[in-house]
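Okay, structure first, notes after.
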Amino acid sequence: MTASASDVIVVGGGNAAMCAALSAREQGARVLVLEKAPEAWRGGNGFFTAGGFRFAFKSFDEVCELVGDLSDEEKASMDVPLYSEDNYYDDLMRVTEDLADADLALTLVRESQPTMRWMKAQGIRWIPMFGRQAFKVGGKFTFFGNLVLEAVGGGPGLIDMHYESAKKKGIDVRFEAKAHRLLTDARGAVTGVEIRTPDGGSESLAAKAVVLASGGFEANVEMRTRYLGPNWDLARVRGTPYNTGDGIRMALDIGAQAWGHWSGCHAVQWDYNAPWHGDRKVGDNFQKHSYPVGIIVNVEGQRFVDEGADMRNYTYVKYGREVIKQPRRAAFQIFDQKVVDLLREEYRIREVTKAEDATLEGLARKLEIDVEGFVRTVREFNTAVQPGTFNPAIKDGKGTRGIKPPKSNWAQPLDTPPYVGYAVTTGITFTFGGLHITTEGRVLNGEARPIGGLYAAGELVGGLFYNNYPGGAGLMAGAVFGRIAGRSAARASKS
Numbered sequence: 024m025t026a027s028a029s030d031v032i033v034v035g036g037g038n039a040a041m042c043a044a045l046s047a048r049e050q051g052a053r054v055l056v057l058e059k060a061p062e063a064w065r066g067g068n069g070f071f072t073a074g075g076f077r078f079a080f081k082s083f084d085e086v087c088e089l090v091g092d093l094s095d096e097e098k099a100s101m102d103v104p105l106y107s108e109d110n111y112y113d114d115l116m117r118v119t120e121d122l123a124d125a126d127l128a129l130t131l132v133r134e135s136q137p138t139m140r141w142m143k144a145q146g147i148r149w150i151p152m153f154g155r156q157a158f159k160v161g162g163k164f165t166f167f168g169n170l171v172l173e174a175v176g177g178g179p180g181l182i183d184m185h186y187e188s189a190k191k192k193g194i195d196v197r198f199e200a201k202a203h204r205l206l207t208d209a210r211g212a213v214t215g216v217e218i219r220t221p222d223g224g225s226e227s228l229a230a231k232a233v234v235l236a237s238g239g240f241e242a243n244v245e246m247r248t249r250y251l252g253p254n255w256d257l258a259r260v261r262g263t264p265y266n267t268g269d270g271i272r273m274a275l276d277i278g279a280q281a282w283g284h285w286s287g288c289h290a291v292q293w294d295y296n297a298p299w300h301g302d303r304k305v306g307d308n309f310q311k312h313s314y315p316v317g318i319i320v321n322v323e324g325q326r327f328v329d330e331g332a333d334m335r336n337y338t339y340v341k342y343g344r345e346v347i348k349q350p351r352r353a354a355f356q357i358f359d360q361k362v363v364d365l366l367r368e369e370y371r372i373r374e375v376t377k378a379e380d381a382t383l384e385g386l387a388r389k390l391e392i393d394v395e396g397f398v399r400t401v402r403e404f405n406t407a408v409q410p411g412t413f414n415p416a417i418k419d420g421k422g423t424r425g426i427k428p429p430k431s432n433w434a435q436p437l438d439t440p441p442y443v444g445y446a447v448t449t450g451i452t453f454t455f456g457g458l459h460i461t462t463e464g465r466v467l468n469g470e471a472r473p474i475g476g477l478y479a480a481g482e483l484v485g486g487l488f489y490n491n492y493p494g495g496a497g498l499m500a501g502a503v504f505g506r507i508a509g510r511s512a513a514r515a516s517k518s
């Protein structure tokens, strides 16, 4: 059975998909969104984020304009370092070891603020990230890591605003519509999508253009193991269970070119006893991101990363992957009372694997860490801490000397009991490998030629992130390339 044609079909229902749908609709296209998940699970991985977007800005006024209703008192309480396009590009290249596709990276950087303004016009509202991206220093909220704004209501709020806007603009959304196959004509151009319906049947939906924005393969155990390697089948999935690589597979089936870092992914330190997939009530609060002000050890009591190498925005993805290499795929973040007040709100939720004790020995026993190894590590660490002024809002240079790995910043002795520890494992967010696209969002085939009628955006695009990732760049990339792909698809549908 073939339904009436849409101008543009968008496969997926998260941030990138909804930006594509809204952009195509803005161009006058009739848009249909196909979401595999039931409506209760709408939003893809965007729902499980804090809703933070990394964008370039030349002045504090540009930030204030995006928020719109900051009082003079609030503005005076904020210390926000400027973040130029050059800074953004340099950060992206630095953390990806200069592997990021230069054209995609430049597009992301240059279109970041225009896309933020466009999203605001689409109904997305922004607020400063006071709680997660700023420390109060000298009476001012000092923002760090070049991540300043989040969607009102975080990830869940972002998704609600997207869908509210889509409804107002007349965009049709079908839930429990699993895209199964791309339809093509004799020339290989895409002409629609075949879906599986809840009753087990199939339906062919014609379209003049298709945008794939259905996420990576992070929720597909077989693909994770095949491409990421041993033990990745045992990683917790931070977000939706519905991102199983369907969009990537469908495109590869018609000759699309695989691109990017297929053995790489975005991962985080995630509560050790979190469920196998994301819990929509807890959201992203299973993550544990305050490790720069403490130390991280494994079950043998050994440190294995430089917790203070950089602002956490530039290390948390890389360190999330390091945990899965440790015995029992476990690690423990350790803090004393000097820094407990600096820990983010996610450390205070009910669903947390935590222990506290007046002694290091007692803490180790409660967390099932090797007692002797742990106590030795802490004593050596304390001895190695160098003098200096501790300041969590900047790279303060207060490090260690004579131990490996070093701690480059924010090093303070663990000497103020009671001590607290949090058990974490690896939680995978999204995979880095995907499809090869142009800066106009067109999907390329194996000969690097565009496939007619096919566009892509979001996590299933390869070539942007390698090895690591700057916090907030994922949602921003989804929005930037979603907007571009939707616009390109709509214009192509008219011609």
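Count along the sequence shown starting at 1, add 23, and that's the number in the working numbering. Backbone N, C-alpha and C define an ideal beta-carbon position, used for all residues, glycine too. Quick caveat: nothing in here was measured; it's all calculated off a predicted structure.
Rounded to the nearest angstrom, how far is the Cβ of V322 from that of I392, given a contact under 8 Å?
Sequence index remark: in the sequence shown, residue 322 carries index 299 (1-based). Sequence index remark: in the sequence shown, residue 392 carries index 369 (1-based). Contact flag correct, Cβ pair sits at about 6 Å.
Taking the beta strand (DSSP E) that A52 belongs to, which residues open and close that run?
For the purposes of this step, residue 52 is taken as residue 29 along the sequence shown, with counting starting at 1. Where A52 is concerned, there is no enclosing beta strand (DSSP E), given that its DSSP letter is neither H nor E.
Beta-carbon of V216 versus every beta-carbon of chain B: anything under 8 Å?
Absent from the structure: chain B. Only one protein chain is present.
Report the rounded CA-to-CA distance for H20 versus A209, giving the unit in angstroms.
Because the chain is modelled from 24 through 518, residue 20 falls outside the range shown and cannot be assessed.
Within the chosen definition, does the region 400-409 reach the region 294-307 through at least 3 CB pairs nearer than 8 Å?
They do not touch, by the three-pair rule.
Nearest to A123 by CA position, among L487, A513, V503 and A500, is which residue?
Counting from 1 along the sequence shown, the entry for residue 123 is found at position 100. The option with the nearest alpha carbon to A123 is L487.
Thinking A39 and G501 are a contact (beta carbons under 8 Å), I'd like their distance in whole angstroms, please.
If you number the sequence shown from 1, residue 39 lands on position 16. If you number the sequence shown from 1, residue 501 lands on position 478. Correct: roughly 3 Å between the Cβ atoms.
Which class does Y342 belong to by DSSP, given the choice of helix, strand or coil?
Translated into positions along the sequence shown, residue 342 becomes position 319. Helix.
First and last residue of the beta strand (DSSP E) that includes S227?
For the purposes of this step, residue 227 is taken as residue 204 along the sequence shown, with counting starting at 1. S225 to L235 is the span of the beta strand (DSSP E), which, as asked, contains S227.
On the three-state DSSP scale, how would you describe A512?
Numbered from its first residue, the sequence shown carries residue 512 at position 489. Note: A512 maps to helix in three-state DSSP.
Could you tell me if Q409 is buried or exposed, where buried requires 16 or more neighbouring beta carbons within 10 angstroms of its beta carbon?
Position 386 of the sequence shown, counted from the start, is the residue given in the question as residue 409. The residue is exposed, with fewer than 16 neighbouring Cβ atoms inside 10 Å.
Do Q50 and R506 have their beta-carbon atoms positioned less than 8 Å apart in this structure?
Translated into positions along the sequence shown, residue 506 becomes position 483. Translated into positions along the sequence shown, residue 50 becomes position 27. Cβ distance not < 8 Å, so R506 and Q50 don't count as in contact.
Under DSSP, the alpha helix (DSSP H) around T400 begins and ends at which residues?
One-based indexing of the sequence shown puts residue 400 at position 377. Its alpha helix (DSSP H) spans residues V394 to A407.
How should T412 be labelled, buried or exposed, when 16 other C-beta atoms within 10 angstroms of its C-beta is the threshold for buried?
As a first step, residue 412 must be located in the sequence shown, where it is residue number 389. Looking at its Cβ environment, which holds fewer than 16 other Cβ atoms inside 10 Å, T412 is exposed.
If you draw a straight line from the C-alpha of F355 to the C-alpha of V291, how long is it?
As a first step, residue 355 is located in the sequence shown; it is residue number 332 there, counting from the start. As a first step, residue 291 is located in the sequence shown; it is residue number 268 there, counting from the start. One C-alpha to the other measures close to 13 Å.
Could you tell me the alpha carbon to alpha carbon distance between A471 and Q280, rounded to whole angstroms?
For this step, residue 471 is matched to residue 448 along the sequence shown. For this step, residue 280 is matched to residue 257 along the sequence shown. If you take the alpha carbons of A471 and Q280, they lie about 7 Å apart.
Look up T25 in the DSSP assignment and say whether it is helix, strand or coil.
Position 2 of the sequence shown, counted from the first residue, corresponds to residue 25. Note on T25: pLDDT 44, under 50, position unreliable in the model; no value is reported.
Count the CB pairs spanning the region 186-204 and the region 158-175 that are closer than 8 Å, and state whether there are at least three.
Touching, no.
Grab me the residues of W141's own chain with a C-beta within less than 7 Å of its C-beta, minus the 5 sequence neighbours each way, in chain order.
Here residue 141 is taken as the residue at index 118 of the sequence shown, counted from 1. Excluding positions up to five away in sequence, the list reads R506.
Please state whether DSSP places R155 in a helix, a strand or coil.
Taking the sequence shown and counting its residues from 1, one reaches residue 155 at position 132. Of the three classes helix, strand and coil, the one that applies to R155 here is helix, per DSSP.
For the candidate residues F198, A157, L131 and N405, whose alpha-carbon lies nearest to that of T220?
Start at 1 with the first residue of the sequence shown, and residue 220 comes out as number 197. Comparing Cα-Cα distances from T220 to each of F198, A157, L131 and N405, the minimum goes to F198.
Considering only DSSP beta bridges, list what Q356 is partnered with.
Start at 1 with the first residue of the sequence shown, and residue 356 comes out as number 333. I319 and Y445, per the DSSP bridge assignment.
Are the CB atoms of F167 and F158 nearer to each other than 8 Å?
Position 144 of the sequence shown holds residue 167. Position 135 of the sequence shown holds residue 158. Yes.
Name the two residues that bound the continuous beta strand (DSSP E) containing F166.
Position 143 of the sequence shown, counted from the first residue, corresponds to residue 166. Note, F166: beta strand (DSSP E), K163 to F166.
I believe V340 touches H289 by the beta-carbon criterion, under 8 Å. Please report the beta-carbon distance rounded to the nearest angstrom.
As a working note, residue 340 is residue 317 in the sequence shown. As a working note, residue 289 is residue 266 in the sequence shown. Contact flag correct, Cβ pair sits at about 5 Å.
What residue range is occupied by the uninterrupted alpha helix (DSSP H) comprising L206?
For the purposes of this step, residue 206 is taken as the residue at position 183 of the sequence shown. L206 -> not in any alpha helix (DSSP H); beta strand (DSSP E) instead, spanning K201 to T207.
I think G528 touches G239, with their Cβ atoms under 8 Å apart; what is that distance to the nearest whole Å?
This structure gives no information on residue 528, because the portion of the chain shown stretches from 24 to 518.
Within this structure, are the beta carbons of E85 and Q136 separated by less than 8 Å?
For the purposes of this step, residue 85 is taken as the residue at position 62 of the sequence shown. For the purposes of this step, residue 136 is taken as the residue at position 113 of the sequence shown. Yes, the pair counts as a contact, with Cβ atoms nearer than the cut-off.
Closest by CA to T406, which one among P436, A99, V346 and I460?
Here residue 406 is taken as the residue at index 383 of the sequence shown, counted from 1. Taking only the C-alpha atoms, the option nearest T406 is P436.
Rounded to the nearest angstrom, how far is the Cβ of Y445 from that of D380, given a contact under 8 Å?
Indexing the sequence shown from 1 puts residue 445 at position 422. Indexing the sequence shown from 1 puts residue 380 at position 357. That belief does not hold up - the Cβ atoms of Y445 and D380 are roughly 13 Å apart, past 8 Å.
Which residue comes first and which comes last in the beta strand (DSSP E) that contains Q292?
The count along the sequence shown starts at 1 and reaches residue 292 at position 269. Where Q292 is concerned, the enclosing beta strand (DSSP E) stretches over C288 to D294.
Using a Cβ-Cβ cut-off of 7 Å (strictly less than) and excluding sequence neighbours within five positions of T267, which residues of its own chain qualify?
Within the sequence shown, the letter at position 244 stands for residue 267. Same-chain partners within the cutoff: F240, A242 and N243.
Using the three-state DSSP reduction, which class does N308 fall into: helix, strand or coil?
Position 285 of the sequence shown, counted from the first residue, corresponds to residue 308. Of the three classes helix, strand and coil, the one that applies to N308 here is coil, per DSSP.
If you draw a straight line from the alpha carbon of S227 to that of L386, how long is it in whole angstroms?
As a working note, residue 227 is residue 204 in the sequence shown. As a working note, residue 386 is residue 363 in the sequence shown. Spanning the two alpha carbons is a distance of roughly 59 Å.
With A387 as the anchor, note down where its alpha helix (DSSP H) starts and where it stops.
Looking up residue 387 in the sequence shown gives position 364. Segment L383 to L390, the alpha helix (DSSP H) holding A387.
DSSP state of G178, grouped into three classes?
Looking up residue 178 in the sequence shown gives position 155. Helix.
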